[in-house]
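The structure appears below as structure tokens.
Here is the structure:
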């Protein structure tokens with residue numbers, strides 16, 4: 006028995022000594038990523054030099070750099086490389102280096118914050134026409150198809166899809182949603198109407214001609230459903246954060262997103278959306294302004310100040326004085342604007358200050 010115990014102790018000692026010799030180390034025990042002259046924030050006009058610090062002089066085959074999931078540049082060995090931010094989206098980006106050493110892949114990373122390189126232009130407006138608007142309409146989405154205005158209205162037990170005569174304010178057709186759904190933004194593409202719901206992670210699809218519901222879709226990556234617009238090819242969706250998601254028009258899958266940033270900060274609570282001449286026009290919840298957004302990188306290129314517009318409407322509840330409803334009919338520099346439970350729809354001309 007004593008001999009057995011001695012042999013067991015010897016084997017355990019040998020096991021632990023071997024384990025110590027081949028201890029698994031993390032990537033940061035071997036390498037770390039260095040940005041020369043690092044700054045707190047960058048813009049798409051910037052570039053910087055990066056390198057890998059090899060703590061234990063491990064043999065290096067190659068290094069591949071990524072910005073989030075996008076491959077940027079690669080190198081043999083540890084030579085310093087330049088990362089150009091010209092085509093990068095705005096926001097908090099992950100600079101990732103994958104280091105290949107003796108058949109093993111190691112990954113190290115750093116956060117890089119990219120802001121817009123431009124100061125947004127400021128715009129004001131002049132009212133061209135005013136039209137009546139149903140005060141029971143808690144406007145969440147607004148879009149023209151030819152000369153007809155389609156509207157999505159919210160609130161649980163009172164959500165609808167509507168087809169309206171914008172000049173008279175007459176509601177031509179109303180499609181109610183089930184009580185469990187809070188309707189949000191809408192958009193029209195390829196003879197279909199797409200309508201979001203708020204927290205239900207569900208969107209609905211309707212036939213444009215009949216307004217008959219033909220299907221539904223789900224969204225799992227974005228936080229909630231807020232606004233929708235389209236560019237003729239893809240659909241764009243806001244979720245109440247600074248993100249605008251790009252959806253595949255055929256599958257409705259959320260494939261990518263941009264984040265809205267100015268030259269100094271991110272813009273949160275992005276709401277109703279409209280596609281206008283190559284840009285995304287976005288209502289910002291509880292703000293009396295519309296942001297003009299570059300759909301490629303999220304830069305806020307302009308801001309339309311609509312502060313005085315709500316003074317021209319009558320609402321039953323002061324809490325309803327919320328701007329939310331942008332429609333574009335193809336007329337240069339002209340928008341159709343309303344808000345939640347507003348009694349008017351405004352045709353306005355946008356003027357640079």
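Numbering (the numbering used here), first residue to last: 6 to 358. Heads up, the beta-carbon is just placed ideally off N, CA and C, and yes, glycines get one too.
- Query: Where do the N-terminal and C-terminal ends of the alpha helix (DSSP H) with residue 152 fall, by residue?
  - Reply: Against the chain shown, residue 152 aligns to sequence position 147. Run containing residue 152: none; DSSP gives neither H nor E here.
- Query: Straight-line CA distance for residue 172 to residue 352?
  - Reply: Walking along the chain shown from the start, residue 172 turns up at place 167. Walking along the chain shown from the start, residue 352 turns up at place 347. Answer to the nearest angstrom: the Cα atoms are 10 Å apart.
- Candidates 243, 242, 96 and 331: which alpha carbon is nearest residue 270's? Here residue 270 refers to the residue found at position 265 of the chain shown. Nearest C-alpha to residue 270: 96.
- Task: Tell me, please, which residues DSSP counts as bridged to residue 261.
- Result: Counted from its first residue, the chain shown places residue 261 at position 256. In the DSSP output, where bridge partners are listed per residue, residue 261 has 251.
- Query: Span of the beta strand (DSSP E) holding residue 102?
  - Reply: The count along the chain shown starts at 1 and reaches residue 102 at position 97. Taken as a continuous stretch (DSSP letters only), the beta strand (DSSP E) holding residue 102 covers 96–106.
- Reducing DSSP to helix, strand and coil, say where residue 359 ends up. The question about residue 359 has no answer here: the residues shown for the chain are numbered 6 through 358.
- Who are the Cβ neighbours of residue 124 in its own chain at under 7 Å, not counting the five residues just before and after it? Numbered from 1 along the chain shown, position 119 holds the residue referred to as residue 124. Only 268 meet the Cβ criterion.
- Item | Contact under 9 Å by Cβ, residue 166 with residue 200 | The residue you call residue 166 lines up with position 161 of the chain shown. The residue you call residue 200 lines up with position 195 of the chain shown. Yes, these two residues count as a Cβ contact at 9 Å.
- residue 356: buried (16+ other C-beta within 10 angstroms of its C-beta) or exposed? In the chain shown, residue 356 corresponds to position 351, counting from 1. So residue 356 ends up on the exposed side.
- Contacts around residue 3, its chain only, beta-carbon distance under 8 Å, and the 5 residues preceding and following it disregarded: Since the first and last residues shown for the chain are 6 and 358, residue 3 lies out of range.
- Query: Can you tell me whether residue 316 is buried or exposed, with buried defined as 16 or more other CB within 10 angstroms of its CB?
  - Reply: Mapped onto the chain shown, residue 316 falls at position 311. Flag for residue 316 reads exposed.
- Residue span of the alpha helix (DSSP H) that contains residue 166, given as start and end: The residue given as residue 166 occupies position 161 in the chain shown. Residue 166 -> not in any alpha helix (DSSP H); beta strand (DSSP E) instead, spanning 165–169.
- Going by the CB atoms, is the gap between residue 299 and residue 321 shorter than 9 Å? Here residue 321 refers to the residue found at position 316 of the chain shown. Here residue 299 refers to the residue found at position 294 of the chain shown. Not a contact, by the Cβ cut-off of 9 Å.
- Under 9 Å between C-beta atoms of residue 305 and residue 266: Within the chain shown, residue 305 is the residue found at index 300, counting from 1. Within the chain shown, residue 266 is the residue found at index 261, counting from 1. Contact flag set, yes.
- Message: At the level of alpha carbons, what is the spacing between residue 348 and residue 142?
- Response: Against the chain shown, residue 348 aligns to sequence position 343. Against the chain shown, residue 142 aligns to sequence position 137. Answer to the nearest angstrom: the Cα atoms are 9 Å apart.
- For residue 201, which three-state DSSP category applies? The residue you call residue 201 lines up with position 196 of the chain shown. Residue 201 falls in the strand class under three-state DSSP.
- Item | Which residues DSSP lists as bridging residue 240, in chain order | In the chain shown, counting from the first residue as 1, residue 240 sits at position 235. 235 and 252.
- Query: Would the region 76–83 and the region 105–116 be scored as touching if the rule is three or more Cβ pairs under 8 Å?
  - Reply: no
- Task: Please go through the same chain and pick out, in chain order, the residues whose beta-carbon is closer than 6 Å to the beta-carbon of residue 159, but skip the five residues on each side of it.
- Result: Working through the chain shown from its first residue, we reach residue 159 at position 154. Only 143, 145, 187 and 188 meet the Cβ criterion.
- Item | Proximity below 9 Å, CB of residue 59 to CB of residue 190 | Taking the first residue of the chain shown as position 1, residue 59 is located at position 54. Taking the first residue of the chain shown as position 1, residue 190 is located at position 185. The answer is no: Cβ separation not under 9 Å.
- C-alpha distance - residue 105 paired with residue 61, whole-angstrom precision: Within the chain shown, the letter at position 100 stands for residue 105. Within the chain shown, the letter at position 56 stands for residue 61. For residue 105 and residue 61, the distance between alpha carbons rounds to 14 Å.
- Message: In this structure, how does DSSP classify residue 182 when only helix, strand and coil are distinguished?
- Response: Translated into positions along the chain shown, residue 182 becomes position 177. Coil at residue 182, not helix or strand.
- Write down every uninterrupted run of the alpha helix (DSSP H) in the region 23–98 whose length is 4 residues or greater and which is fully enclosed by it, in chain order. 32–35
- Message: Considering only DSSP beta bridges, list what residue 328 is partnered with.
- Response: Here the question's residue 328 lines up with position 323 in the chain shown. According to DSSP, which records beta bridges pairwise, residue 328 is partnered with 344.
- What is the rounded straight-line gap between the Cα of residue 4 and the Cα of residue 49? Not covered by the structure: residue 4. The range shown for the chain is 6 to 358.
- Check each candidate in 343, 296, 87 and 122 and name the one with the smallest Cα separation from residue 281. If you number the chain shown from 1, residue 281 lands on position 276. For the residues 343, 296, 87 and 122, the minimum Cα distance to residue 281 belongs to 296.
- Message: So residue 182 and residue 240 are supposed to be a Cβ contact under 8 Å. How far apart are they, rounded?
- Response: On the chain shown, residue 182 is found 177 positions in, with the first residue counted as 1. On the chain shown, residue 240 is found 235 positions in, with the first residue counted as 1. Not really, about 19 Å apart at Cβ, beyond 8 Å.
- Item | Collapsed DSSP secondary structure at residue 133 in the structure displayed | Indexing the chain shown from 1 puts residue 133 at position 128. It is a strand residue.
- Taking residue 253 as the reference, give the member of 222, 129 and 278 with the closest Cα. What you label residue 253 is simply residue 248 of the chain shown in a count that begins at 1. Selected option, being the one with the closest Cα: 222.
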